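To start, the structure under review is shown below, and the notes come after it.
Protein chains: 4
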Amino acid sequence: MAEMMRAALFVEPGRIVLDDKVIPDVGPGDALLRITTTTICGTDVHILKGEYPVAQGLTVGHEPVGVIEKLGRNVEGYREGQRVIAGAICPSGYSNACLDGLCAQDGQSGAHGLKPLGGWRFGNTIDGSQAEYLLVPDAMANLAPVPDGLSDEEVLMCPDIMSTGFAGAESGNIKIGDTVAVFAQGPIGLCATAGAKLRGATTIIAVEAVPERIEMAKQVGADVVVDFNKTDPVEEILRLTKGRGVDVAIEALGLQSTFQQCLQVLKPGGTLSSLGVYSEDLTIPLSGFHAGLGDHKIVTSLCPGGKERMRRLMNAIASGRVDLKPMITHRYSLDQIEEAYLLFANQQDGVLKIAITP
Amino acid sequence: MAEMMRAALFVEPGRIVLDDKVIPDVGPGDALLRITTTTICGTDVHILKGEYPVAQGLTVGHEPVGVIEKLGRNVEGYREGQRVIAGAICPSGYSNACLDGLCAQDGQSGAHGLKPLGGWRFGNTIDGSQAEYLLVPDAMANLAPVPDGLSDEEVLMCPDIMSTGFAGAESGNIKIGDTVAVFAQGPIGLCATAGAKLRGATTIIAVEAVPERIEMAKQVGADVVVDFNKTDPVEEILRLTKGRGVDVAIEALGLQSTFQQCLQVLKPGGTLSSLGVYSEDLTIPLSGFHAGLGDHKIVTSLCPGGKERMRRLMNAIASGRVDLKPMITHRYSLDQIEEAYLLFANQQDGVLKIAITP
Amino acid sequence: MAEMMRAALFVEPGRIVLDDKVIPDVGPGDALLRITTTTICGTDVHILKGEYPVAQGLTVGHEPVGVIEKLGRNVEGYREGQRVIAGAICPSGYSNACLDGLCAQDGQSGAHGLKPLGGWRFGNTIDGSQAEYLLVPDAMANLAPVPDGLSDEEVLMCPDIMSTGFAGAESGNIKIGDTVAVFAQGPIGLCATAGAKLRGATTIIAVEAVPERIEMAKQVGADVVVDFNKTDPVEEILRLTKGRGVDVAIEALGLQSTFQQCLQVLKPGGTLSSLGVYSEDLTIPLSGFHAGLGDHKIVTSLCPGGKERMRRLMNAIASGRVDLKPMITHRYSLDQIEEAYLLFANQQDGVLKIAITP
Amino acid sequence: MAEMMRAALFVEPGRIVLDDKVIPDVGPGDALLRITTTTICGTDVHILKGEYPVAQGLTVGHEPVGVIEKLGRNVEGYREGQRVIAGAICPSGYSNACLDGLCAQDGQSGAHGLKPLGGWRFGNTIDGSQAEYLLVPDAMANLAPVPDGLSDEEVLMCPDIMSTGFAGAESGNIKIGDTVAVFAQGPIGLCATAGAKLRGATTIIAVEAVPERIEMAKQVGADVVVDFNKTDPVEEILRLTKGRGVDVAIEALGLQSTFQQCLQVLKPGGTLSSLGVYSEDLTIPLSGFHAGLGDHKIVTSLCPGGKERMRRLMNAIASGRVDLKPMITHRYSLDQIEEAYLLFANQQDGVLKIAITP
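Protein chains in written order, with our numbering: chain A, 20 to 377; chain B, 20 to 377; chain C, 20 to 377; chain D, 20 to 377.
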């Protein structure tokens, strides 16, 4: 008889529940992880609300820290019992997209090897990490051993928000001496702020109104925080930059208003690096776009994944360059995950990230 | 008494007229060109129609081929009588924007050295090239000697449309083996097609309906031309790429419809390289944008200028890599320029570009 | 009893012989190809001469065109009977090197996923393509279907020399309007010339002395060919560029003399793109290096592989952008391969490339 | 009668002396600075020793901090009395090299606008900054106002060693998570270490033996310092990286031994970023170069200059991202400069940089 585990399942819009589920079989290229720590992402809240559709009964979650319970028979280079993480995005490695440097849009063996968001599988197209066990496909491309001395909580941001936030800075092609604005300092925006600092931005202007997030923004790298409840962020950023505008504006919220503000504070020749998940059409206002002649760039990034990315991010943690552990404001057991969703979805009690331990 | 010349002046919306104007004095860093050939650009038609405002009495035009009549006293490295061109965009060379690689957004000595479209001066903020004489500012950064053996007409596209169209291909970061769609095959679009070929695109799909332009598109590099009057271009391009989409889509018209089609035919991870001059807000449809998670890039380019750019483009002509002279479909004297505007603005008689000779 | 095939085996320095060998078993991620056409590479001659050591009894060759005979049980997305090629370099897709964009230095599951030249397996660390059958590892990352309408001979250069030569142009970061020198017009140099043209170089100066190669160089894109038997190539290239030097110099021979000449013709700020296989220490002469202050770049490239690279190269062939088939000057059956080696190693009869058909 | 100033002049190998010199006339595009602080560079020691030849009587020095004494009549955007710096490299802005992004190799109006090291004028081809007054050519491209609140000493490293050292990190194309080795922790090497940190290297291994420099290396960003007097740096770096090698190795000394060690610790696919000034031919050992097939890059960088670069570097100082003032270990008046040279040339008393004040 199949062994069972506890897992957080999407049932219907508004309901993610903890239930029993069969522990999956391990295919030749897979690895089964015993989850030791995971977390809830803003995207999971979109799923909870029914704004991003997934299959009924799917296990949610895409941020795994765990121990290898079992390796598929073709998987080499790892051992059972090893502590590892895997990225939210699990590239196959072999698709045309991957081999072309586009792992996040990986269609695996399907049409042309390309599929929008195709690299995002956990908690989207296959069972995710909010469970006692997680099956990792294409394990040799995705399992990244956790260096000795790093705790679960220290690496918990690597699979998604650290990788995503840093990608916002990287895709913006920040240069030493750049002035960068980061709109919204939720978990992703905070990581974008940290990433901008790590790439050499020397003036980082964060936009946020929640006091705890304003404080955290300063800790991770913001030189100035503009409170949009107290001042118009566009006017204030133009004032701070003496009318010059910013070199790079990072959108980390997913709204028309912040997308538009990014364009309005951008210098001619600047880059809008977009991380937000938008739920409606976007408008590019002509005024902020100089009729299409301003040498602007708008770039979007989906969280980079794969074991090499994870290795690099954990190296950044191990070296002390960044410390994202303070972003973990709450801790729950897997048994309490429904309660954790309630808190997180409603942004109560100054929550940033919640560590979930089975 | 000041010497006079003939020049095409913007008078009011709907009226560009040939009139007398004083030949300007030559400042220390300037050069005075005697224009031998110039042309009319689509942007000039926007000016004519009053859609793009310029000062009353300004001489229009930004595509000069000529002979150095007089050099400012500080200008070295040139001689009077030398055949030269200057780009539509005249960088100062010394501004922060220029030194940061953003010549087209050059604010010269003004605020931070940055100004939207600030590098475009001829026929925009200073007198332009549709005249017997043209004053070129910052001459040492802008005068590019015409290689022996190249005629005026052979280099006439370099100052603007060749530089702009090629920039569409360059900004798109085309790689060998890319599939590229170019929407609209007017003068700019044709140059984008030629540029895409020169960068290594191996499947170029042009979108156009005018028979003469379809024919020309094939000559300059299109592998396939989709006639949007006969078939839906989005469907057809997806069919041609077997559902994969294109790596790079170049917008060369300046309309919401083509901007949107570019996004709709773009593969995940692809780049929309925009050259069009838009006259209203743009909408990014959510469906073509994968909620902002498709790793898309939208890049805009203003015509690169400066003498080094001109040198490179003339080298491309001299080597026979591209031949844009067939795009000159009509020839008028400067005296007939009002007639030329009429023809060009109404796109009569299969006109692509008109050579104007004083 | 195991089935046998004919294969060209390295026996000892000076001896590659055709012999019987067991047709290999097909592992879960492998594919077995029935070779329909292959060829001999300059590197194989290094192996023949004992200059590049391989194991005794290894099947030589790394340029396969064939038909899928059998697929491993985990291989999806292909069908038996399908015509395919695989690159000389066979990335795993899953190693840290691959996921970091360094497929050619792929250590597969070994130390850190990095190994010098580790992506080159065929005819180096595993049996190669000069045989009736070839086992392709990591098949899903490496098998590239041949488009209908392309013959074996048309795609025969894709696995190695086209990919390598083009990489010389790509790594040199050629821009539109660049002047490029390519030293030596053997198969690799000719492909570098073709690649330089495809990237937008507008003056290509090839250096060669063999008449057939001079002729071929002009066909594939050289604007000028400097015959080093008739003139000093450094002096001549400086004369042709009016003392300016070249933007990019591509070394395609592997000797100190040509490496040094590349530096001597390079402009300050230029790039030496090296493709040669060197067999001794190299010297950078101080004079050509401006004491290390000339903003020079020296970049080396190993042949890029993987199915996406092959797809792109075959697309370049299919579109008619390049035609490398004329480089096939001789044709032999696999039975005659020892004779083919004799001809090729001694560069007799104007040989460029030899098609070998089992 | 011409006004006189004190200036440090190169007389003959072994002799730089303080002497009287005429304060130069100010041409139309020039600015005259009254020097308030300057310093001595390792390159000046090469000049002193006769290893780098300059004209007899030339004023030495290329690191000016000062006040605008007089502006040329064509210079706009500045005011007399303003505090400014200028980079060691003074681009014209208008040359082909500048307009092509190669300011340091700027030939001004000369042959093709390209000249090796041509952007380096102060103390090389024109009078330099170790004097009471300095004439800055192409002032509008080169004068960078010092932000309020920054002292002379705080910005003293910007003109040369900060720009050079950072360029070593930038040219190495460091990515987040990279492991970087920096060979030698003199002033340039220390700035390379600081720059590597600023670009996101997460493991920085410095190589140095002088205790004061080891200490300073840790302060500016080194995670580990390898003392080459106590251990073999190649072996130690390979041990520290578990045999993987480093992503980027920065050479900051200018010797064959360190150049070679850089190659020996480099991973396949890694980049050697060279900052050293070499005084003899360099050897690339075959063993460290994988026969030219290791996908290695060797890049050299001359100090980037121009007002925009200076603006960015001063921004990095103002934001507190880096603090290089502790590198100033000694202070002398201009009158004592001969004594300062003695100390600096002999690296006495733990000297790193000396502030010189007229």
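Heads up, the beta-carbon is just placed ideally off N, CA and C, and yes, glycines get one too.
All values reported here derive from a predicted model rather than from experimental measurement.
Alpha helix (DSSP H) segment containing residue i, residue limits
i, result
"Arg53 (chain B)", "From DSSP, Arg53 (chain B) is part of no alpha helix (DSSP H) but of the beta strand (DSSP E) over Ala50 to Thr58."
"Lys326 (chain D)", "Lys326 to Ala337"
"Phe185 (chain C)", "Ser182 to Ser190"
"Val174 (chain D)", "Asp171 to Val174"
"Cys210 (chain D)", "Pro206 to Leu217"
Assigned exposure category for residue i - 16 Cβ within 10 Å defines buried
i, result
"Ser114 (chain D)", "buried"
"Ile249 (chain A)", "Looking at the sequence shown, residue 249 (chain A) is not Ile but Lys. Per the 10 Å Cβ criterion, exposed."
"Arg140 (chain B)", "buried"
"Glu227 (chain A)", "buried"
"Met329 (chain C)", "buried"
"Glu327 (chain C)", "buried"
"Ala21 (chain C)", "exposed"
"Glu270 (chain C)", "buried"
"Gln149 (chain B)", "buried"
"Lys40 (chain B)", "buried"
"Asn334 (chain A)", "buried"
"Met159 (chain D)", "buried"
"Leu90 (chain B)", "buried"
"Arg258 (chain B)", "exposed"
Residues near residue i by beta carbon distance below 8 Å, same chain, minus five either side
i, result
"Val155 (chain C)", "Asp49, Ala50, Leu51, Leu52, Pro83, Ala105, Cys109, Asn161 and Leu162"
"Val36 (chain D)", "Ala27, Leu28, Val30 and Glu357"
"Ala241 (chain B)", "Val201, Gln204, Thr212, Ile223, Ile224 and Ala225"
"Leu371 (chain C)", "Gly205, Pro206, Leu209, Glu231, Arg232, Met235, Met346, Ile347 and Thr348"
"Gly61 (chain C)", "Gly205, Pro206, Ile207 and Val296"
"Leu169 (chain A)", "Met333, Ile336 and Ala337"
Own chain, CB closer than 7 Å to residue i, minus 5 neighbours either side, in chain order
i, result
"Arg263 (chain A)", "Lys286"
"Lys344 (chain A)", "Glu172 and Glu173"
"Ala374 (chain A)", "Thr56, Thr58, Glu172, Leu175, Ile347 and Arg350"
Residue(s) in a DSSP beta bridge with residue i
i, result
"Gly85 (chain C)", "C:Ile54 and C:Val103"
"Thr376 (chain A)", "A:Ser352"
"Phe141 (chain B)", "B:Ile145"
"Ala26 (chain C)", "C:Asp38 and C:Ala150"
"Val318 (chain B)", "A:Lys316 and B:Ser292"
"Glu31 (chain C)", "C:Arg34"
"Ile378 (chain D)", "The structure shown does not extend to residue 378 (chain D), since chain D is modelled only from 20 to 377, so the question has no answer here."
"Leu285 (chain D)", "D:Val265"
Where the beta strand (DSSP E) through residue i begins and ends
i, result
"Asp38 (chain A)", "Arg34 to Val41"
"Asp119 (chain B)", "Careful: Asp119 (chain B) lies outside any beta strand (DSSP E) and carries neither H nor E."
"Pro266 (chain A)", "Residue 266 (chain A) is actually Asp in this sequence, not Pro. From DSSP, the beta strand (DSSP E) with Asp266 (chain A) extends over Val265 to Glu270."
"Leu301 (chain B)", "Leu301 to Ile303"
"Val245 (chain B)", "Val243 to Val245"
6 Å CB neighbourhood of residue i in its chain, flanking five on each side removed
i, result
"Asp125 (chain D)", "Pro110, Ser111, Ser114, Ala116, Cys117, Gly137 and Gly138"
"Ala220 (chain A)", "Ile193, Asp197 and Val199"
Proximal residues of chain E, C-beta to C-beta of residue i below 7 Å
i, result
"Gly219 (chain B)", "The structure shown contains no chain E; the protein chains it does contain are A, B, C and D."
Inspect the CB distances between the region 305 to 321 of chain C and the region 335 to 345 of chain C and report whether three or more fall short of 8 Å. No contact exists between the region 305 to 321 of chain C and the region 335 to 345 of chain C.
Assess contact between the region 223 to 239 of chain C and the region 217 to 234 of chain B, defined as three or more Cβ pairs (one per stretch) separated by less than 8 Å. Is contact present? Verdict: no, contact absent.
Below 8 Å, how does it come out for the region 274 to 284 of chain C and the region 298 to 306 of chain C: are there three or more Cβ pairs, yes or no? Output reads yes: the region 298 to 306 of chain C touches the region 274 to 284 of chain C.
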